[in-house]
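*Asks:*
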Amino acid sequence: MKKIKNIRFVIFLCLTTIFGYAAAQSGVAGLNTATSTLKTYVDPATNIALVIGGIVGIVGGIRVYSKWNSGDQDINKELMGWGGSCLFLVLSSLIVKAFFGL
């Protein structure tokens, strides 16, 4: 009796494996869909990064200008900080576009 149950269980496992393998898909269609969907988000995201970079540049320019007019002699650190952040935002948007081939 126990031997028959074991044989039935083994047959069930074999059939389940065979049907599962036959029903499985390669996933190529899903990867292509994900890639095309992701490429549609790249342009708006890079545009947002450029806009944020422009805003940060304007704010940084105003802060550096006000410090310079107030007579502060150590504006190099401030200038490099704001300029570096703007440069990072602009370059990151270009690198993202180049990474996705757009």
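In mature numbering (1 follows the signal peptide of the UniProt record, and there is no 0), the protein residues as written are -24 to -1, 1 to 78.
Quick reminder that beta carbons are idealized off the backbone N, C-alpha and C, glycines included.
Just so we're clear, the structure is a prediction, and the values are computed from it rather than from any experiment.
1. Spatial neighbours of Ala25 within its chain, please: CB distance less than 7 Å, with the 5 preceding and 5 following residues excluded, ordered by chain position.
2. For a test of the three-state rule: what should DSSP assign to Ile51, helix, strand or coil?
3. On the DSSP letters alone, give me the boundaries of the alpha helix (DSSP H) that Ser12 sits inside.
4. Report the option in Phe75, Arg(-17) and Leu63 whose CA atom is closest to the CA atom of Ile31.
5. With distances taken from CA atoms, which of Ala5, Lys15 and Gly37 is nearest Glu54?
6. Using 8 Å for Cβ pairs, my map puts Val40 next to Ile51. What's the rounded Cβ distance?
7. Alpha carbon to alpha carbon, what distance is there between Ala5 and Ser61?
8. Using the three-state DSSP reduction, which class does Val(-13) fall into: helix, strand or coil?
*Replies:* Taking the structure as given:
1. If you ignore the 5 residues before and after Ala25, its C-beta comes within less than 7 Å of the C-beta of Leu65, Ser68 and Ser69, all in its own chain and listed in chain order.
2. coil
3. Per DSSP, the continuous alpha helix (DSSP H) segment holding Ser12 begins and ends at Val4 to Asn45.
4. For the residues Phe75, Arg(-17) and Leu63, the minimum Cα distance to Ile31 belongs to Leu63.
5. The shortest Cα separation from Glu54 among Ala5, Lys15 and Gly37 belongs to Gly37.
6. 6 Å
7. 39 Å
8. For clarity, residue -13 is Phe in the given sequence; the question names Val instead. Three-state result, Phe(-13): helix.
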